[in-house]
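Trainee:
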Amino acid sequence: MTDPTFATRPDPARAAERDRDLKLLLAVLLALLGVTMTAIYALALNAGAAPRLADLALARVPQTGVDNPVTAVLLNYRAYDTLMELAVLLAALLGIWSLGPAPAGFQRSGPVLAGMVSWVVPLLIVAGGYMLWVGGYAPGGAFQAGALLGAAGVIVRLAGDPQAGLPGEAAQRWLLVLGVLVFTLVGLGLMLFGAGFLTYPPKLAKWLILLIESAATLAIGVALAAAYVGGRPTATSPLDPRPSAQPK
Amino acid sequence: MPEPAMTAPLVLCIVLPLLGALFATALPGRAVAVGIVTALVTAAAAVALTLAVWEQGTLHLVLGGWEPALAIALRADGIATALVLMANLVALGISVYASGYFQDAIRIRSFWPLWLLLWAALNGLFLAGDLFNLYVMLELLGISAAALGALTGNREAIAANLRYLLVGLLGSITYLLGVAFLYTAHGSLDIGILAAAIAANEQLFAVDAAAMTLMISGLALKAALFPLHFWLPPAHANAPAPVSAALSALVVKAAFYLILRLWLDVFAPVTGMAAAMLLALLGSAAVLWGSWRALRAARLKLLAAYSTVAQIGYLFLFLPLLVATPEGPARDNLLAALLLMAVTHGFAKAGFFLAAGLVQTNAGHDRIDELGGTAQRLPATTFAIALAGSALIGLPPSGSFIGKWLLMQQAIATGQWWWVVVILAGTALAAAYVFRVLSRAFGLEPTPLRFITDPRAEVPALVLALVSVAVLGLASGPLWTLLGLSGADA
Amino acid sequence: MSWDAIDSLLPVAIVLSSLLPGVFIFLVDEENHLLRTVLNLLGAVLKLALVGLLIWGVWLGQPIETRIDIAPGLTLVLSADALSVLFVTLSSVLWLITTVYAIGYLEHSPNRSRFFGFFSLCVSATVGIALAGNLITFVIFYELLTLATYPLVAHRGTPEATRGANIYLAYTLSGGLLLLVGAVWLRTLIGPVDFTVGGVLSGLPASMHGQLVAIFALLLAGLGVKAALVPLHGWLPQSMVAPAPVSSLLHAVAVVKAGAFGIVRVVYDVYGVELAYQLGLLGALGLLASFTIVYGSVMALAQDGLKARLAYSTVSQVSYIALGASLLGPVATIGGMVHLVHQGIMKITLFFCAGNYAETLGVHKVSQMDGVGRRMPLTTLAFTVGALGMIGIPPIAGFVSKWYLGLGGVTSGQYWVLLVLAASTLLNAGYFLPILYRAWFRPAPAEWPKEHHFGTRFETMGALLWPPVVTAVLCLLAGLLASAPFSPLEWAQLIAEREYGL
Amino acid sequence: MTAQLLYGGAGLMLFVLGIWSFLVHEPLLRKVIALNITGAGVFHVLIAVAYRGDAAPPDPVPHALVLTGIVVAVSATALALILGARLQDSDDDA
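Residue numbers (numbering that gives the first Met the number 0), protein chains in the order written: chain A, 0 to 247; chain B, 0 to 489; chain C, 0 to 501; chain D, 0 to 93.
1) Using a Cβ-Cβ distance cut-off of 8 Å, determine whether G83 (chain D) contacts chain A.
2) How would you list, in chain order, the residues of chain B whose beta-carbon sits under 8 Å from the beta-carbon of G68 (chain D)?
3) Enumerate in chain order the residues of its own chain whose CB-to-CB distance from A296 (chain B) is below 7 Å, with the five nearest sequence positions on each side excluded.
4) Locate the beta strand (DSSP E) running through H59 (chain B), then write down its first and last residues.
5) Put Y499 (chain C) into one of helix, strand or coil per three-state DSSP.
6) Across which residues does DSSP place L77 (chain C) in a beta bridge pair?
7) Less than 6 Å between C-beta atoms, sequence neighbours within five positions excluded: which residues of the same chain meet that for A2 (chain D)?
8) Taking R35 (chain C) as part of the alpha helix (DSSP H), name the residues at either end of that continuous run.
9) Kindly provide the ranges of any beta strand (DSSP E) runs that are 3 or more residues long and lie completely inside the stretch 56-112 of chain B, ordered along the chain.
10) Output yes or no for whether 8 Å exceeds the beta carbon distance between V269 (chain C) and V199 (chain C).
11) Just how far apart, CA to CA, sit G188 (chain A) and D92 (chain D)?
12) Going along the chain, which residues of the stretch 23-43 of chain A sit with their C-beta nearer than 8 Å to a C-beta in chain D?
13) Can you give me the Cβ contacts of L53 (chain C) inside the same chain, cut-off strictly under 7 Å, excluding the 5 residues immediately before and after it?
14) Looking at the secondary structure, which residues open and close the alpha helix (DSSP H) in which N45 (chain A) lies?
15) Between the Cα of L281 (chain B) and the Cα atoms of B:M136, B:L314, B:R108, B:I190, which residue gives the shortest distance?
16) Can you check whether the C-beta of T37 (chain D) is within less than 8 Å of a C-beta belonging to chain B?
17) Would V308 (chain B) pass as a contact of F225 (chain B) if the rule is Cβ separation under 8 Å?
18) Flag I258 (chain B) as yes if its beta-carbon sits less than 8 Å from any beta-carbon of chain A, otherwise no.
19) Can you name the start and end residues of the alpha helix (DSSP H) that A184 (chain B) belongs to?
20) So, with DSSP's three-state summary, where would you put D189 (chain B)?
21) Could you give the DSSP three-state label for G304 (chain C): helix, strand or coil?
22) Is the stretch 229-244 of chain B in contact with the stretch 188-195 of chain B, if contact means three or more CB pairs nearer than 8 Å?
23) Should L305 (chain C) go down as buried or exposed, given a rule of 16 or more other Cβ atoms within 10 Å for buried?
24) Excluding sequence positions up to five away, which residues of its chain have a Cβ less than 7 Å from the Cβ of A489 (chain B)?
25) Spatial neighbours of V322 (chain B) within its chain, please: CB distance less than 8 Å, with the 5 preceding and 5 following residues excluded, ordered by chain position.
26) With DSSP as the reference, label K30 (chain D) as helix, strand or coil.
27) Residues of chain A with CB closer than 7 Å to the CB of I18 (chain D), please, in chain order.
28) Rounded to whole angstroms, what is the Cα-Cα separation between L74 (chain A) and T81 (chain A)?
29) Any beta carbon from chain A within less than 8 Å of Q87 (chain D)'s own beta carbon?
30) Verify whether the separation of the beta carbon atoms of L45 (chain D) and L161 (chain B) is less than 8 Å.
31) Residues of chain D with CB closer than 7 Å to the CB of I95 (chain A), please, in chain order.
32) Within a Cβ cutoff of 8 Å, which residues of the same chain sit near P393 (chain C), ignoring the five residues on either side of it in sequence?
33) For V23 (chain D), decide whether its Cβ has a neighbour in chain B, counting only Cβ atoms nearer than 8 Å.
34) If you draw a straight line from the C-alpha of W114 (chain B) to the C-alpha of L147 (chain B), how long is it?
35) From W248 (chain A) to V421 (chain B), what does the alpha carbon distance come to, in whole angstroms?
36) Within 10 angstroms of the Cβ of D90 (chain D), are there 16 or more other Cβ atoms? Answer buried if so, exposed if not.
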């Protein structure tokens, strides 16, 4: 099979030489590609449709229920993208789970680290909550908040809890789907009431977006932490009879 | 603003499998039941969508109630609907098959949520009207497909699907750069708006051509166009049978659909004979090389996977003919033939892989040279392979026979007769690799007493194969109507 | 029921009358002998009844046609004219007889549901070919016939069977591809190619004649494979590994006739005999056919295997039909057409008998046939009728064919045809008469190679005995009553009159 | 304009370098990092497009696209790494 990226080459001496030639060729081609693309990019910037969507997007922000234009794009104009992106995260995590049980955790941390963890983690959670709220009018939002929660999980696992502070498997599963579920149900509910899928009435928009973002924050945080754990929650695995770690 | 009731199937086709995936995740003990119910309602939504498009023509829905430029649009025209209908019926068959295929609880829990996510991604991809949304859909598709492909858990499967994932990522990032170029030049992500802008701004030809090159190269990697096909055979051959069926029949087709969509809608003013010839030449190489490798394959599923490489190649042969044929009945016929081949391959390849999976489960392996006894013990399965195989060859009365007929007709009519030679060689090779398998089914084993031994697995395989042969070949007229094409005597 | 209601349904009903039973037979449990037999015979009898209706309708000059649009611009047309009736009737009658024969022949053998399922599909494809009203329909059923026959050739499951089947497939599928290209090419030139008396190409400008010759070469190559025209005949002797009913019906009637019938269709109803003559196509076809006639006979002389000898004889005899088509003038047409039927009933008789010798006595070779006439008199009598008919002894059917072919050669001024016929007749006698001599006049051996006693008062099982006897009687009747109404000859004259507008 | 071109051009260079690294280097981790660099290059291009001078607020749409893109990239990276880890496990077992 011809496989430019993964081939293993038998005869080392000659192969190395051919390898070098190929690399040189590739480098030249890629350099040409880079230069050409930059030139074309310059052309596009110059001749392109200058305001693009910016003016329109900014002009409609007051009707979106949020003040931060990026959040307006993410959760209102292009909410559907965001919904699907949550699904991507879910798919990745389910993929990770399908590959086997979680590997063993780390050694339980010493008192200094444990002490630090015990005040960093609550801080991260509070910071996450702040991020979530501030996303309405300034940079921030569900992803930033979720990332902070996920980081808290990473720290907890590093400190020795193999489950990264996550609840049992059943609860984890519900928390994981929470973001997409709330998002979808809100969208469908709006459709049912005649507004159209993911079409928020301006009056309700703010609260619906907050609801979706809160659910999404939890789901993202759990998904990131669980991804870091790197496998199925171990309690369900018959191969690995370790008891599941309880949240502290 | 369109009636929500009219456009509801558009949303439901995407949202129903998504919801199903969520419940299958949250309620792992009931994953199979959730999966089957979801499969049924999603397929019903796809049928409803088809009926709606049949009656009213293209459906278009701007989500969020904003100006089309600002928001994401869903759209179902004839091409999208034909593929959605095919994909959903095939996916229903795969679901029924899968409900009996997986035995071990962990596999069941892993399969269903990922499978329903993949399904949602497929429908989302076919129905998307926004280039960036398509990027997200491509990633959802790629990630769930790679995860499903690795489900057998053996080393080859993991290695192949890791490679598949990485190559797919490279493809979608390349695609995304093209999207970024288009946004820079034209300030929009909506397919319709972009198409108009590209047609109106001839001075941006260089940018548009570069964007097209990037996007189509990225997608060609995902569609496994020769010589970018290297990742496909190991990934498809090592996945569990229902997943192989979905990957080969549907996922690759989705990438091709996007290429076609870009080619026909977005970049229509930019495309030219040179680009079409290049793609068709690669397609020819795919037809010949894929068929040849299929003929030489030692394993049944590997054979099927290489056959996919070849079959995708045929679809690219249509491009230079589309360029050379002026608007009119002849071009309509060509476009419909293209869709017919894609749809037929979807049904046939799914049926083939499902049947191959049964053979593998029964024999404990899928080495073609040692399959004789198993093939004889399972007449219905062998029959499904035979039917699907005739559709892969393009024998009458399969849909691909009609497709190849119209393809050759237009190749002769436009003077591009050399594609006929490629088609003939590919067809002869396909016959050789299909009958290489079928000839093992005649041996001196004891006679099987029954035609069907395992209905839940054999009936879906048979039905899918039968659709590719009998239904699509003998009644393909409705496809023209669905596509809104007149066709008729060319 | 009025003709209007029937005429559009009849052709498709004739195809379905064997297709649907075939599909159901696959689903029948292997041990359910009764249900399978009922389905088989029901289909065969029903088809025969429908064909009777068809004959009546065509005789009355009713337009009988089914049109199904499979795609815009591509229409499946099943229609009946005099020519198709000839072939449909032949296939349907012989299907019924062969089904009876096959039920007896395959008793207690494995995989019967599979066998009879594909057997029915074969007949469906054959009548589809006969009733095809345009070129694409013909191509579709032609390919279907290839597919449905493959499992029958491979049926026995021995390595030789698989090998023979694969050779068969390689030849016929390659031929099918060439036919397909020719059909598509023609379609791009003139649109839908409906079979029309007098041809459809005469209006084309002379500048296209080069393309027409090339297309004819493609079509002929595709059809010539099934018609076993030398050098495309290599599959036929190899396919003799198939069970006797398959050899009888398919390799004496359905498959080879499908090729010959296709050549007739292309010459008369696509190109038109005048245009084909002007383009020099008839001359080439005639040469090819003549060479095949002589070559097949010479090869038959050298075969010791009975079925192999019959197979080469088929190679030779089927080309009489092509020869008839290649000669300008209605008389030769009559000769070719009537041979379509006559060769079928004579050759199937011979194959049935060969099967009987093999099943009853284990005799597979000519050299083992000493004295079989005394052990199996009725079978050998039937064999004798068939063999003498093949040689062209009056009053058996084969004489009529050769007479009209020779006369056709004379009326068209092609005297060399007589030479070919004379040579062929001599060779026919050369390979059939020794068999008859052995069978009747040599003493029987003390022990047959592998004798079976079926516990009947006849020489062999009834289901095996009566089919060849019936077809042998048909051979005699076709010759004796050649000028009776509805005889093959009368019908061939009807065809010739319509083709030449007499 | 110049700032945009510099920033975006740098993104294009990252894109090209990422592809180079992806094609040339064998180890999985390097490939995954290479892909992330490629992705980052594309995100740079989008961010550069969003810039509308110091006076006007930037275009929020590309920003949102980049945020979405990052999450997608993170997800894919996570799955790729775990697949790689499982591959290594099975190599160790063998």
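All residues carry an ideal CB built from backbone N, CA and C; glycine is no exception.
Mentor: Per the coordinate set shown:
1) no
2) Y134, L175
3) L302, Y305
4) 58-61
5) helix
6) C:T65, C:A131
7) none
8) 32-58
9) 58-61, 72-75
10) yes
11) 51 Å
12) L25, A26, L29, A30, L32, G33, M36, T37, Y40, A41
13) L9, I13, I63, A79, V84, V87
14) 11-46
15) B:L314
16) yes
17) yes
18) no
19) 154-185
20) strand
21) strand
22) no
23) buried
24) Summary for A489 (chain B): the model assigns pLDDT 42, below 50, so the residue's position carries little reliability; its value from the coordinates is reported in the next sentence. Hits under 7 Å: P328, A329, N332.
25) T270, G271, M272, A275
26) helix
27) L29
28) 7 Å
29) no
30) no
31) A77, L78, I81
32) G478
33) no
34) 7 Å
35) Examination of residue 248 (chain A) is not possible in this model, given that chain A is present from 0 through 247 alone.
36) exposed
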